Amino acid sequence: MTSSVKKSRKNLKSQLAQFTGFLFLRLAVYSVLFILLYFFYDIGHQGYQAISWEFISQVPKRGMTEGGIFPAIVGTFLVTLITAIFAVPLGMAAAIYLNEYARAGRLTRLIRLSIRNLAGVPSIVYGLFGVILFVNMLKFGTSVLSAGLTLGLLTLPWTITASEEALKSVPDSYREGALALGATKWQMIRTNVLPYSIPGMLTGAVLGLARAAGETAPIMFTGAAFYLPFLPRSLKDQFMALPYHLYIMATQHHAIDKARPLAYGTALVLIVFVVLFNLGAILLRARLRKKWRH
Amino acid sequence: MMSVKKKGVLGDLKESLIQKIFQTSGLLAIIVLLGIFALLLYTAIPAFREVSLKEFLTSSRWDPTSPEKPEYGLLSMLASTIMVTLGALLIAFPVGVAVAAYLSDVASPRVREIVKPVVELLAAIPSVVVGFIGITLVGPMIAKIFNLSHGLTALNGSLLLAIMALPTIISISEDSLNAVPISFVEASLALGANRWQTLVRVKIPAALSGIIASLMLGMGRAIGETMTVLMATGNARAFPQGFLQSVRTLTANIAIELGEVPYYTTHYYALFAIGLVLFIMTFFVNLTADVILEKQKRKLQ
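Quick note, the sequences are listed as chains A and B, same order.
The first sequence begins at 0 in numbering that gives the first Met the number 0 and counts up by one.
The second sequence begins at 0 in numbering that gives the first Met the number 0 and counts up by one.
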């Protein structure tokens, strides 16, 4: 009898341990959720008061204490476009090589290792590389082109990884079917692999571009400008960008307090962009999937 | 028949050309990685015509614009980087592993479907926005709690970097917890252990190498993060004394000084030398994580 009491006491103890243990895990999750929601609430609440049609459509005025962020929105859009033109096709091509052509071996392992390592290179180091290669050696100067290419290199590992995931999801029977009918490798890829993997590839690309659009360190020294009342007219022009503009408004402005509401507004626009990009990627995936299924 | 053959040859040529194009894109990853290292090294080396490597690595005085005697020692900034990073991991690691364990062992599928995208969204917040939150929200809170004149301290940086390292730690840890064979769990439950005991004594030990890899990857992110620490830690140049003081990390120093430095001076080259140090540090941290994860993958196969 004493042994059964002991046993049940032990049982109770381990149940208590489980209860407190799971409680700790829950608390961890709730605190992460709370922090994120509070961040969004704070920026949403304060930023909302700064947002108006004027804020979106005007250039900064009176030493950036009034007016809007139109050039920064356009600049971020342009630089992301260059990033996309450069990084998306290259990322897809590299992924096609890795998933369709490459044989297991030392070279392939080395390529994969490089990709994973590139993903871990600090963004400011990409910025330094951009300064040496694009700004100085290739003489693109501090420009929207240099910044776009720098961001392109930064996004390359993400686009490759996402594209490869998409290619992997195509069943091998699709490939075998094409090859059995006498298709060459490229015909097989074009007709039986790409149509089914492009939705996933584009989704990954869009998510990578959203992250690139929010980066500051790589564009600070490769082309982003403190203040420009006009839009870039060529690829060699400097540009304003939302993330850099937020940095300036938050830390470098001569009248920080006066600029604070505009900084909140810029932060909100930036976050809305990121969330929209994420939502867009999800919708794009769903839509393209439906289309390719028929 | 001639034409068929001709087409065959042309077709082969086209095929191999296409393959070459794809292969070159694949090789680009290696080229870029080596290129970053080579160009950083090439641009950093001229700095050591005037500064000894020993001074650069062991002196804690960084004062490149001093008119009498410019000094180029990165030790203070290295110590700041390490301090802010360790502080961040001290917070992010337990919380991250707890969230990962919750997602893999406790949460219902519906809760998972809500929490996972939220964690992904956390990873998507631009670092400059996190830095802004550090200035407007977290910093003032720290100032109030510890009665400081301002909250732009190492602690502020650590708290914010913890938030930024969380998604990496959560997703990699969760993956490795999920990779633990179900038979391990079943054996533990069959022996009478409850779910908590199974988690702590069976699953986490079995997934430990992956969890440690997640720690390393989180560390890599924290070391290389620029905008957040630049905006949130106050950037004082002195050797770090504690978490309630302003510090200047390696990344922040590059960001502050590269904009003002005249091109092709020792100061300019020295900033690229700092970049090279950052590259090497993150390279080895990430490589270690990579080796651990590969080993685990092979073991579980």
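Quick reminder that beta carbons are idealized off the backbone N, C-alpha and C, glycines included.
From a predicted model like this one, the values you see are computed outputs, not experimental measurements.
Practice task
Would you mind telling me which residues of chain A sit closer than 8 Å to Gly223/B, beta carbon to beta carbon, in chain order?
Solution key: Gly119, Val120, Pro121, Ser122, Ile123 and Val124
Exercise for the section: Taking Phe220/A as the query, report the chain B residues whose CB atoms sit under 8 Å from its CB, ordered along the chain. Expected result: Leu257 and Gly258
Practice task
Kindly give me the distance between the Cβ atoms of Ile218/A and Tyr243/A, rounded to whole angstroms, as I take these residues to be in contact under 8 Å.
Solution key: 6 Å
Practice task
Name, please, each residue of chain B whose Cβ falls closer than 8 Å to the Cβ of Gly20/A.
Solution key: Trp195, Leu198 and Val199
Practice task
Report yes or no: is there a C-beta of chain A within less than 8 Å of the C-beta of Tyr71/B?
Solution key: no
Exercise for the section: Indicate the three-state DSSP secondary structure (helix, strand or coil) for Lys60/A in the structure shown. Expected result: strand
Exercise for the section: Have a look at Gly119/A and Met215/B and give me their C-alpha separation to the nearest angstrom. Expected result: 11 Å
Exercise for the section: Under 7 Å Cβ to Cβ from Leu117/A, same chain only, skipping five residues before and after it: list those, please. Expected result: Leu155 and Pro156
Handout entry: Cβ-Cβ distance between Gln196/B and Ser13/A below 8 Å
Key = yes
Handout entry: Own chain residues within Cβ distance below 7 Å of Val130/A, not counting five before or after
Key = Phe220 and Thr221
Problem - Per-residue burial, Ile175/B [other beta carbons within 10 Å of its own, 16 or more giving buried] - result: For the sequence presented, residue 175/B should be read as Ser rather than Ile. Under this definition Ser175/B is a buried residue.
Exercise for the section: Select from the stretch 42–61 of chain B all residues with a C-beta closer than 7 Å to any C-beta belonging to chain A, and list them in chain order. Expected result: Thr42
Exercise for the section: Compare the C-beta of Val31/B with all C-beta atoms of chain A and state if any pair is closer than 8 Å. Expected result: yes
Handout entry: Where the alpha helix (DSSP H) containing Pro242/A begins and where it ends
Key = Leu241 to Tyr246
Exercise for the section: Taking only the alpha-carbon atoms, compute the straight-line gap between Leu208/A and Ser172/B and give it to the nearest angstrom. Expected result: 26 Å
Practice task
Look up Val110/B in the DSSP assignment and give the residues it is bridged to.
Solution key: Beta-bridge pairing links Val110/B to no other residue.
Exercise for the section: Mark Phe54/A as exposed unless 16 or more other C-beta atoms lie within 10 angstroms of its C-beta, in which case mark it buried. Expected result: buried
Exercise for the section: Can you tell me which of the three DSSP states Tyr263/A falls into? Expected result: helix
Practice task
Run the CB neighbour count on Ile273/B, radius 10 Å, all protein chains shown included, and call it buried at 16 or more, exposed below.
Solution key: buried
Practice task
Give the interface partners of Asn191/A over in chain B, defined as CB-CB distance under 8 Å, in chain order.
Solution key: Going along chain B, no residue has its Cβ under 8 Å from Asn191/A, so there is no contact; the nearest lies around 15 Å.
Problem - Exposed unless 16 or more other CB atoms sit within 10 angstroms - verdict on Ile134/B - result: buried
Exercise for the section: Below 7 Å between beta carbons is the criterion; list the residues of the stretch 86–110 of chain B that meet it against any residue of chain A, in chain order. Expected result: Val94, Ala97, Val98, Ala100, Tyr101 and Val105
Exercise for the section: State the DSSP-derived secondary structure class of Gly126/A, mapped to helix, strand or coil. Expected result: helix
Practice task
Have a look at Val3/B and Gln186/A and give me their C-alpha separation to the nearest angstrom.
Solution key: Interpretation of Val3/B is limited by its pLDDT of 46, a score under 50 that renders its predicted location unreliable; the figure taken from the coordinates is listed afterwards. Straight-line Cα distance between these residues: approximately 17 Å.
Problem - Span separating the alpha-carbon of Leu80/A from that of Pro93/B - result: 39 Å
Problem - Cross-chain neighbours of Gln48/A in chain B, by beta carbon under 7 Å - result: The premise fails here: Gln48/A is roughly 14 Å from chain B at the closest Cβ pair, so nothing lies under 7 Å.
Practice task
Might you give, ordered along the chain, the residues of its own chain that have their beta carbon closer than 7 Å to the beta carbon of Ala78/B, omitting 5 neighbours on each side?
Solution key: Phe238 and Pro239
Exercise for the section: List the residues of chain A that Val289/B touches, going by C-beta distances under 8 Å, in chain order. Expected result: Here the sequence assigns Asp to residue 289/B, which means Val is not the residue at that position. In chain order: Leu112, Arg115 and Asn116.
Handout entry: Endpoints, the alpha helix (DSSP H) within which Gln48/A is located
Key = Neither: Gln48/A is in no alpha helix (DSSP H) and is coded neither H nor E.
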